[in-house]
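S.K.: Under the working numbering, the first residue of the sequence shown is numbered 1, with each subsequent residue one higher. Ideal placement from N, C-alpha and C gives every residue a C-beta, glycine not left out. All values reported here derive from a predicted model rather than from experimental measurement. Once you've had a glance at the structure underneath, I'll fire off some questions.
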Amino acid sequence: MSDRYAGKPFLRLVDSYVLDAIGALDTANRDWLTAMEPNLRHTYGRDGAWQDIVAAEMRFPDGMAGSIREVWDKGRVRFLQTSGEAPDPVAFTHQFVDTNFPH
């Protein structure tokens with residue numbers, strides 16, 4: 001099995017940003033990212049929370065997290081209607097990131 005993040009450490013941050021935007025980032029990762037904020041500020045030369053740093057590095061427009069949440073909410077309803085099951089937030093995140101932000 002391949003490791004999605006091998007040689008792509010920033011990809012983990014982008015995936016986490018999307019998971020956070022859709023309300024699916026787990027507590028352990030949220031806590032780890034918050035604890036890493038001083039290192040991220042130093043590494044990327046930016047101020048703010050980890051979400052702000054990712055958004056700035058990706059040059060996301062204001063409101064990007066809300067836009068991602070809107071895509072998730074609308075797609076979630078359609079997925080439930082067609083499959084009868086709840087969508088997997090991690091699968092959504094990987095597909096969303098891979099489609100919109102090729103790496």
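1. Could you tell me the alpha carbon to alpha carbon distance between residue 37 and residue 80, rounded to whole angstroms?
2. Are residue 64 and residue 14 touching if we call contact CB-CB under 9 Å?
3. Kindly list the residues whose CB is nearer than 7 Å to the CB of residue 97, restricted to its own chain and excluding five residues on each side of it in sequence; keep chain order.
4. Can you say whether residue 21 is buried or exposed, counting buried as having 16 or more other CB atoms within 10 angstroms of its CB?
5. How would you label residue 93, buried or exposed, when you count the other beta carbons within 10 angstroms and need 16 or more for buried?
6. Is the beta carbon of residue 103 sitting closer than 9 Å to the one on residue 11?
7. May I have the straight-line CA-CA distance separating residue 56 from residue 66, to the nearest angstrom?
8. At a cut-off of 8 Å, is residue 18 close to the ligand MN when judged by its beta-carbon and the heavy atoms of the ligand?
9. Is DSSP giving residue 8 helix, strand or coil here?
M.R.: On the basis of the data shown:
1. For this step, residue 37 is matched to residue 37 along the sequence shown. For this step, residue 80 is matched to residue 80 along the sequence shown. Roughly 36 Å between the two C-alpha positions.
2. As a position in the sequence shown, residue 64 is number 64, starting the count at 1. As a position in the sequence shown, residue 14 is number 14, starting the count at 1. With respect to the 9 Å criterion, residue 64 and residue 14 are not classified as neighbours on the basis of their beta carbons.
3. If you number the sequence shown from 1, residue 97 lands on position 97. Correct list, in chain order: 14, 15 and 18.
4. Working through the sequence shown from its first residue, we reach residue 21 at position 21. Residue 21 should be labelled buried.
5. Locating residue 93 in the sequence shown gives position 93, where the first residue counts as 1. Residue 93 comes out buried.
6. Start at 1 with the first residue of the sequence shown, and residue 103 comes out as number 103. Start at 1 with the first residue of the sequence shown, and residue 11 comes out as number 11. Closer than 9 Å, so yes.
7. To locate residue 56, count along the sequence shown from 1; it is residue 56. To locate residue 66, count along the sequence shown from 1; it is residue 66. If you take the alpha carbons of residue 56 and residue 66, they lie about 16 Å apart.
8. You won't find the ligand MN in this model; it holds no ligand whatsoever.
9. Counted from its first residue, the sequence shown places residue 8 at position 8. In the structure shown, residue 8 sits in coil (DSSP, three-state: anything other than H, G, I, E or B).
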